[in-house]
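This note's numbering applies: residue 2 is where the sequence shown begins, and numbers increase by one.
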Amino acid sequence: MKIRNASLRKSFIYAICSTVTAVVLLSFVTIWSCLAFRKWLLPDSNEVFLNQTIVYEDGTQSRSKLRVKFGDEEQQYPGIFTKNEDGKGVTEPEQKIIKYSVDKIENSYTELTPKRKLAYSITGAAMVGLPMMYSLVGILICAFRFYRKKLDIPIRILMKATENIVNQNLDFSVEYDCEDEMGALCASFDKMREALYENNRKLWGMIEERKMLQASVAHDLRNPIAIIQGYTEYLQLNLSEGRIGKEQMANIASNLSASAKRLERYTNSIRDINHLEELEIVPARNLLPDLLEEIFDDFTIIAKEKGIKVVFENSTPHCKVMIDTQVFYRILENIFSNALRYAKNEISLSFAYENKNLITVVCDDGAGFTKKALHTENRYIYTTEQSEEHMGIGISISRILCRKHGGMLSLANHPPHGAKVTVVIEALTVS
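Below is the structure:
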């Protein structure tokens, strides 16, 4: 397991050292075996040829050759090397003369048989060729094993992951249980996949929101357009015949003006939402209790004008957090304005701080959200009202701002009655 989790550098060095050791040992055994075999094939270099010449009284001669080894002459041929008192060899019988001569064996290879000569040559080539072959085979085996053990599996995993990404499939994971560089690379690739998945999810969410926005705008524009179209047709039919009085004409003009203003507000709201996508969150250091007290005071003044009571509850700690106050205020202002319209007597604001998030809950004692609004709480809010002040765009803007600030917005009904909006934004504590 330690070798498997070792770095590529250490694993490569280990593979090279193991291969070199194996090649050296095999080469040593091969060379030693070849030398031993050649020594067995060749005569001993300490051996010589002892030539014996016998000259008889009639002048005839006979020759013989004996192979002897230096130092073992008397043991091998004791009769030939028996000496007399003057140190000369005894020549018996006297009717013949025996002469001896020694010839050194200059080249033992020439004395070999053809088969032995071939074996001798093959062993010489083997002492050179086999170590070279061991080195080549060792390099190939080392490279193959290193690739198969350390590179093959992670490369296949990364290739498959790349293919999935090319096919726009991000619903997979890159898993390689190893602590070397390839394991780190696979882990980084998986993080990249997660980032792509999250970006795609956000992109599709934005596309869905844009679709819902378009549907919401189309729905909201239907009423003022229908009003303008109806009045236009009515004027075309009755104006030429003089059947419309000044008072009725003024009333029609007023209604047309109101419808035109509604269209203008819808257009401004769409422009604001488009600008929100380019908005950058700029957190700044703020003392949390002071910020929340200031927001409460502002909302209390606004609520007094409509006779609505505001209940304040704050359980946040006394600390400084990084938060974009303008964005946060705009989120709460949209939600509070919406609650202020539907509240009967009271609106409650509660603040809490959990897990590096600032949680704000806004509740009113009105009729609450409709089932359709709760069903589509993660989308843009549709409105079927003909009110000029409330179009349902405020909550949509707040939701976008919450997401850009690293949080979320959720809708619910507060029992026994009333709407409940929960805002969660990221707010890191600082010293």
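Just so it is clear, CB atoms sit at the ideal spot from N, CA and C, and this is done for glycine as well. Keep in mind it's a predicted model, so treat the numbers as computed, not measured.
C-alpha distance - residue i paired with residue j, whole-angstrom precision
{"i": "residue 134", "j": "residue 116", "result": "25 Å"}
{"i": "residue 408", "j": "residue 290", "result": "20 Å"}
{"i": "residue 283", "j": "residue 361", "result": "20 Å"}
{"i": "residue 312", "j": "residue 406", "result": "26 Å"}
{"i": "residue 425", "j": "residue 413", "result": "14 Å"}
{"i": "residue 31", "j": "residue 130", "result": "10 Å"}
{"i": "residue 132", "j": "residue 29", "result": "8 Å"}
{"i": "residue 51", "j": "residue 63", "result": "14 Å"}
{"i": "residue 195", "j": "residue 171", "result": "8 Å"}
{"i": "residue 13", "j": "residue 143", "result": "9 Å"}
{"i": "residue 326", "j": "residue 341", "result": "21 Å"}
{"i": "residue 318", "j": "residue 265", "result": "44 Å"}
{"i": "residue 365", "j": "residue 427", "result": "24 Å"}
{"i": "residue 37", "j": "residue 128", "result": "12 Å"}
{"i": "residue 226", "j": "residue 419", "result": "32 Å"}
{"i": "residue 180", "j": "residue 166", "result": "24 Å"}
{"i": "residue 320", "j": "residue 431", "result": "8 Å"}
{"i": "residue 258", "j": "residue 271", "result": "20 Å"}
{"i": "residue 391", "j": "residue 345", "result": "Because residue 391 sits at a pLDDT of 35, beneath the cut-off of 50, its placement in the model cannot be relied upon, and the point is left open."}
{"i": "residue 120", "j": "residue 41", "result": "11 Å"}
{"i": "residue 138", "j": "residue 156", "result": "25 Å"}
{"i": "residue 26", "j": "residue 112", "result": "33 Å"}
{"i": "residue 381", "j": "residue 245", "result": "Confidence in residue 381 is poor, its pLDDT being 49 and thus under 50, which makes the residue's placement unreliable; the coordinate value appears in the next sentence. Rounded to whole angstroms, residue 381 to residue 245 spans 41 Å at the Cα level."}
Secondary structure of residue i, DSSP reduced to three states
{"i": "residue 244", "result": "coil"}
{"i": "residue 430", "result": "strand"}
{"i": "residue 412", "result": "strand"}
{"i": "residue 102", "result": "strand"}
{"i": "residue 321", "result": "strand"}
{"i": "residue 199", "result": "helix"}
{"i": "residue 175", "result": "coil"}
{"i": "residue 6", "result": "helix"}
{"i": "residue 420", "result": "strand"}
{"i": "residue 370", "result": "coil"}
{"i": "residue 61", "result": "coil"}
{"i": "residue 239", "result": "helix"}
{"i": "residue 52", "result": "strand"}
{"i": "residue 280", "result": "coil"}
Terminal residues of the beta strand (DSSP E) in which residue i lies
{"i": "residue 349", "result": "347 to 355"}
{"i": "residue 286", "result": "285 to 288"}
{"i": "residue 361", "result": "358 to 365"}
Among the options, nearest to residue i - alpha-carbon criterion
{"i": "residue 228", "options": "205, 204, 256", "result": "256"}
{"i": "residue 402", "options": "236, 324, 178", "result": "324"}
{"i": "residue 150", "options": "293, 184, 212", "result": "184"}
{"i": "residue 410", "options": "193, 358, 126, 307", "result": "358"}
{"i": "residue 452", "options": "17, 233, 351, 299", "result": "Because the chain here runs from 2 to 432, residue 452 falls outside it and cannot be looked at."}
{"i": "residue 399", "options": "192, 334, 174", "result": "334"}
{"i": "residue 348", "options": "305, 162, 68", "result": "305"}
{"i": "residue 421", "options": "188, 375, 175", "result": "375"}
{"i": "residue 186", "options": "208, 23, 158, 205", "result": "158"}
{"i": "residue 343", "options": "141, 230, 328, 308", "result": "308"}
{"i": "residue 169", "options": "329, 223, 141, 200", "result": "200"}
{"i": "residue 148", "options": "329, 353, 192, 9", "result": "9"}
{"i": "residue 6", "options": "104, 49, 173, 182", "result": "182"}
Endpoints, alpha helix (DSSP H) assigned at residue i
{"i": "residue 29", "result": "9 to 42"}
{"i": "residue 1", "result": "Only positions 2 to 432 of the chain appear in the structure, and residue 1 is not among them; the question remains open."}
{"i": "residue 161", "result": "153 to 167"}
Handout entry: Residue ranges of each beta strand (DSSP E) within the region 295 to 342, 3 or longer
Key = 310 to 315, 321 to 324
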